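Residue numbers 9 to 119, in my numbering, belong to the letters of the sequence shown in order.
This report concerns only the one structure given below.
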Amino acid sequence: MYLSIGSANWNRRSLTLDLELKAEVVDGDTVMSRKGVIVGKYQCPFRIRKFQETTGLSYKKLNTMTFIETADQLRLAVTIELSMLARNTFQCKNHFFVITRGNSKDYLTTW
Numbered sequence: 009m010y011l012s013i014g015s016a017n018w019n020r021r022s023l024t025l026d027l028e029l030k031a032e033v034v035d036g037d038t039v040m041s042r043k044g045v046i047v048g049k050y051q052c053p054f055r056i057r058k059f060q061e062t063t064g065l066s067y068k069k070l071n072t073m074t075f076i077e078t079a080d081q082l083r084l085a086v087t088i089e090l091s092m093l094a095r096n097t098f099q100c101k102n103h104f105f106v107i108t109r110g111n112s113k114d115y116l117t118t119w
């Protein structure tokens with residue numbers, strides 16, 4: 009089983025230039041969840057505690073939910089004023105960059 013704690017960025021900048029701390033846990037110990045799914049012995053409780061931290065729900069309640077039911081709790085947690093989560097609002101704007109035949113060579117050589 010696999011658990012990654014830290015940045016989830018998988019690009020050249022994040023892997024070579026950014027000073028980020030990340031830990032990856034690979035462990036073969038597994039247990040059967042209450043829902044009959046084989047899960048990591050250490051990874052599953054860690055993930056439940058992270059959901060507990062972000063949703064405010066009890067470990068016991070989260071442990072009885074499926075992953076999808078647990079993930080749906082994040083949407084509900086955003087609506088709680090004291091939650092550590094915040095709703096993101098996006099403004100959609102269209103941006104266009106046009107290279108015409110006349111300046112494409114100049115643009116490409118200076119880029």
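Note that the Cβ used here is the ideal one computed from N, Cα and C, for glycine as well.
As the structure is a prediction and not an experimental result, all values here were calculated from the model.
Opening and closing residue of the beta strand (DSSP E) in which residue i lies
i: E28; result: Looking at the DSSP string, E28 is not in any beta strand (DSSP E), and its letter there is neither H nor E.
i: T97; result: From DSSP, T97 is part of no beta strand (DSSP E); its letter is neither H nor E.
i: V39; result: 38-40
i: I88; result: I88 -> no beta strand (DSSP E), and no H or E assigned at all.
i: G48; result: 46-48
Residues near residue i in its chain [Cβ-Cβ closer than 6 Å; skip 5 each side]
i: Y10; result: V34
Close-in-space but distant-in-sequence residues of the same chain around residue i (CB under 8 Å, 5 per side omitted)
i: I88; result: G64
i: R55; result: L11
i: Q60; result: S66, Y67, L70
i: T74; result: K43
i: R57; result: Y67
i: D80; result: none
For residue i, the first and last residue of its enclosing alpha helix (DSSP H)
i: I76; result: 75-85
i: I56; result: 51-63
i: L70; result: 67-71
Same chain, Cβ closer than 7 Å to residue i, five either side skipped, listed in chain order
i: A31; result: I13, G14
i: S41; result: V47, C52
i: L116; result: With a pLDDT of 49 at L116, under the threshold of 50, the modelled position of this residue cannot be trusted; read the value that follows with caution. If we look at L116 and ignore the five residues flanking it on each side, it has no Cβ neighbours.
i: T72; result: R42
Integer-rounded CB distance, given that residue j should sit under 8 Å from residue i
i: L82; j: L93; result: 7 Å
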